[in-house]
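**Student:** Just passing along the structure, written as structure tokens.
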Amino acid sequence: MDDTKIINFSGYEWQVKDNVTVGPGPNNWSSDNVWIDKDGLHLKITQQDGKWYCAEVYTTMNLGFGKYQFYVIGRIDQFDPNIVLGLFNYPEFVAPNQEETNEIDIEVARWGSSENPNGNFVVWPSVPGLKRDWHNFSFSLNGNYTTHRFNWSSKKVDFQSLHGHTNNNEHQIDAWTYQPDDSLKRIPQQPLRVHMNLWLFQGQPPTDLQEVEVIISNFQFIPAS
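Here this note's numbering is used: position 87 in the sequence shown is 91, and no number is missing along the way.
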């Protein structure tokens, strides 16, 4: 992996993924599909010489309990069924027996079928052997702006998606509070890196064969007090 491309966005350093045929997907990844301008951080899926390339960035530092908020620009409600936008936490290192653990996801995806809901809130357990828990919902937009956030503590995770770019709770699309009895096993307890990616489900091209772009205009992290 090319670890040399680092960008600065919203007060954090982000490493840009640049590799071929790795997960999620698996997909090809290109650092050329990530750039910053006055509008924000662009993530793009492109096609070159018959191959499709995806985009991902992740923080160079781990962040802990607190509020994570993403301002998104794009008609994400009109995604092709094979497109996935991920806004999530993930470990820096994953041991072979720790796969499918320690992850908090907001994903806009239909997982290959137009019949599936396009909103997904997901929590992966802190220990191996337990299954993930999730909440799905369908949504449509009136414009290009959405806010997505989760508030993570040791005992619960509060998710929200909202119309527009907002710090309050107005114009909510959907929300979910995950508060299991065995939270120390069901909810990640360690600081994690923040990832933002745009990729293809199972590495399959968009059914319409169109390139796709999303802008993250701002990311905010407010540590728990």
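The C-beta atom is built at its ideal place from N, Cα and C for all residues, glycine as well.
Using 8 Å as the Cβ pair cut-off and three pairs as the minimum, do the region 192–203 and the region 143–152 touch?
**Tutor:** no
**Student:** Along the alpha helix (DSSP H) that carries R190, what are the first and last residues, could you check?
**Tutor:** S187 to R190
**Student:** Quickly, what does DSSP pair G70 with across the bridge? List them, please.
**Tutor:** W156 and P227
**Student:** Sorted by chain position, which residues of the same chain lie with C-beta nearer than 7 Å to D81's C-beta, five sequence neighbours on each side aside?
**Tutor:** N122, F143, S144 and L145
**Student:** Work out the CA separation of L91 and G110 for me, nearest whole Å.
**Tutor:** Checking the sequence shown, residue 110 turns out to be Ile, not Gly. Taking the straight line from one Cα to the other gives about 5 Å.
**Student:** Below 8 Å on the Cβ atoms is my contact criterion, and I expect F154 with I108 to pass it. Report the Cβ-Cβ distance as a whole number of Å.
**Tutor:** 6 Å
**Student:** Do three or more CB pairs link the region 45–64 to the region 209–219 at distances below 8 Å?
**Tutor:** Output reads yes: the region 209–219 touches the region 45–64.
**Student:** For M200, list the residues DSSP reports as bridge partners.
**Tutor:** V61 and L91
**Student:** Hey, is the region 59–79 in contact with the region 14–27, meaning 3+ C-beta pairs nearer than 8 Å?
**Tutor:** yes
**Student:** Are there 16 or more other CB atoms within 10 angstroms of the CB of N120, so buried, or fewer, so exposed?
**Tutor:** exposed
**Student:** Let me know the secondary structure DSSP gives G207 once reduced to three states.
**Tutor:** helix
**Student:** Using the Cα positions of L188 and V161, report the straight-line distance between them to the nearest angstrom.
**Tutor:** Taken atom to atom, the span from the alpha-carbon of L188 to that of V161 is near 12 Å.
**Student:** Do H152 and V38 have their C-beta atoms closer together than 8 Å?
**Tutor:** No, the pair does not count as a contact, with Cβ atoms beyond the cut-off.
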